[in-house]
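Line by line, the protein sequences give chains A and B. Positions 1138 to 1362 (my numbering) are the ones given, in order, by the first sequence. Positions 1138 to 1362 (my numbering) are the ones given, in order, by the second sequence. The structure appears below as structure tokens.
There are 2 protein chains.
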Amino acid sequence: MEEDVKESASDKYSLRGRVFSRLREDILNGKYDEGVELREIAIGEELGVSRTPVREAFRQLELEGLIRIIPNKGAYVVGISDKDVRDIYILRSRLEGLAARWAVDHITNEQLEEMEENVYLAKFHTEKGHLEQMFELDNRFHEILYEACGSKILEHQLKDYHQYVLRIRKKTLASAKRGPQSNLEHEAILEAIKNKNADDAERLANEHMINAYRNMIDNGLIKPD
Amino acid sequence: MEEDVKESASDKYSLRGRVFSRLREDILNGKYDEGVELREIAIGEELGVSRTPVREAFRQLELEGLIRIIPNKGAYVVGISDKDVRDIYILRSRLEGLAARWAVDHITNEQLEEMEENVYLAKFHTEKGHLEQMFELDNRFHEILYEACGSKILEHQLKDYHQYVLRIRKKTLASAKRGPQSNLEHEAILEAIKNKNADDAERLANEHMINAYRNMIDNGLIKPD
DNA sequence: GCCCGAGGGATTGTATACAATGATACAAGA
DNA sequence: TCTTGTATCATTGTATACAATCCCTCGGGC
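Below, the structure is given as structure tokens:
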């Protein structure tokens, strides 16, 4: 299930692209703990490449905020604090509704169909308790929404945040019984978009975010402020 | 006036850091038109460095969305469309208010003092018609606000957007008589923060963004939707 | 014992050499 | 004329060599 949630504009098949994707994945999945120093040579050897592509990947990771590079010293993994997660959920609750509102006017038939299929399938996998599939479908539902909003800027932004909280989100789905409720909320958002009801779509998407956030706190996945 | 508006975590004094800052500046200032191809060697020669730091700078610029790298082909300057600007201002109007709200609780005395000095100085330079200084002070005012909000995530986000619309913003200040009005709005935001009035701070910062946006449209700097 | 500075090793920063890829021009054939 | 294949060149992708910097240790001096 480790495919890229957010595809990069960079070449997926260049060495640098592979290093970049791989490192990001590893960091988000918690392979490297916060504060760990990443050495160019070590990473390069592990992936079978020289320092050059590793260095370029580092620069990108730094800009994504996943590592911090101290000049002439080293690259250190930046952790995601509870505060970061809280902040992101608050921002998402403000922006996700906007995306849903805009999607009402910009969603294509293909996207609508994929969303319907997504909701339908999610119900199935939730009943069966297939956690991985639930996680993937949930990811994809939000991605479709982002892609359907008709704004490259907003899409990019929300995908970024989405990616960023991947780690904690995985825990959420695994540990909680939120699956069924989340599915219902997705379905309601989908209905609002289908009915071209922008106000409902925005409100529901908004609430969906807030509920997800509350759920994380209730399950002790992050500490409340 | 060409100092960095947004300082990078990277070394300002490394060759790569210099190439990065310089290129970003040049792109935002319109030295390179949309679609122009940037060649590693040419840029390197122009700045007196080899391809290595140039390449690393390219990777960063791509992630900032300022250039687009097509693998094995080249790096091309990405333009900012009117739609991008519109989208950004809408997002900013949603987020800038949040930053002001949070700043009420998190701003430090130093930041408050710098803001007061900023507002005071801005009045002076506006009366004198010093466009460059007005521009810098306006930039800085918003930066202080972002830094004062107490959220690295939101700060990073807003600085990104801020940076992104630099080009058009420079035109705005130069062409319009919005200076005095903008100063008044800054002052009102500052007052609200000083008085710990979060609701006012949010509303005023919000309106400030919307006014700036309207002003751009009224002056024909971007086309309305 | 404590401070300070020199030295050496490890790591990053930069330049350059080489490989791979893509663009272009031009010629042969239909 | 148009298409297509090929050779060549420009440019990017990667590896490696060298320079600069940092960190840590180990003595010397007090």
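Think of the CB as a built atom: it goes at the ideal place given N, C-alpha and C, for glycine as much as any other residue.
DSSP three-state assignment for residue 1301 of chain A, whether helix, strand or coil: helix
Separation of residue 1253 of chain A from residue 1190 of chain B, as counted between CA atoms: 47 angstroms
Residue 1214 of chain A, DSSP secondary structure in three states: strand
Start-end ranges of the beta strand (DSSP E) lying completely within the stretch 1169-1226 of chain B, minimum 3 residues: Listed in chain order, they are 1204-1207 and 1211-1214.
Partner residues on chain B for residue 1193 of chain A, Cβ-Cβ distance less than 8 angstroms: 1192, 1193 and 1196
Boundaries (first-last residue) of the alpha helix (DSSP H) holding residue 1336 of chain A: 1335-1355
Rounded C-alpha distance that separates residue 1333 of chain A from residue 1209 of chain A: 55 angstroms
For residue 1267 of chain B, three-class secondary structure by DSSP: coil
Residue burial classification, residue 1246 of chain A (beta-carbon count within 10 angstroms, cutoff 16): exposed
Rounded separation between residue 1152 of chain A and residue 1162 of chain A - CA only: 15 angstroms
Boundaries of the alpha helix (DSSP H) in which residue 1320 of chain A is found, first to last residue: 1316-1331
8 angstroms contact criterion, which residue 1322 of chain B and residue 1345 of chain B should meet: CB distance rounded: 4 angstroms
Sufficient close CB pairs (3 or more, under 8 angstroms) joining the stretch 1172-1185 of chain A to the stretch 1168-1180 of chain B: no
Counted within 10 angstroms of its Cβ, other Cβ atoms place residue 1166 of chain A as buried (16 or more) or exposed: exposed
Host alpha helix (DSSP H) of residue 1163 of chain B (start-end): 1152-1165
Residue of B:1314, B:1283 and B:1168 minimising C-alpha distance to residue 1216 of chain B: B:1168
Residue 1225 of chain B: contacting residues in chain A (beta-carbon distance under 7 angstroms): Within chain A, the residues near residue 1225 of chain B are 1290.
Within-7 angstroms CB hit, residue 1187 of chain B to chain A: no
DSSP-derived helix/strand/coil call for residue 1144 of chain B: Low local confidence applies: a pLDDT of 40 at residue 1144 of chain B is under 50, so the model's placement there is unreliable, and no value is given.
Interface flag, residue 1208 of chain B vs chain A, CB-CB below 7 angstroms: yes
Contact with chain A by residue 1221 of chain B, beta-carbon distance below 7 angstroms: yes
Distance between beta carbons of residue 1192 of chain B and residue 1193 of chain A, contact taken as under 8 angstroms: Yes, residue 1193 of chain A and residue 1192 of chain B are in contact; Cβ-Cβ is about 6 angstroms, under 8 angstroms.
Contacting positions in the stretch 1156-1177 of chain B - beta carbon closer than 7 angstroms to chain A: none
Check whether residue 1285 of chain B and residue 1227 of chain B have beta carbons under 7 angstroms apart: no
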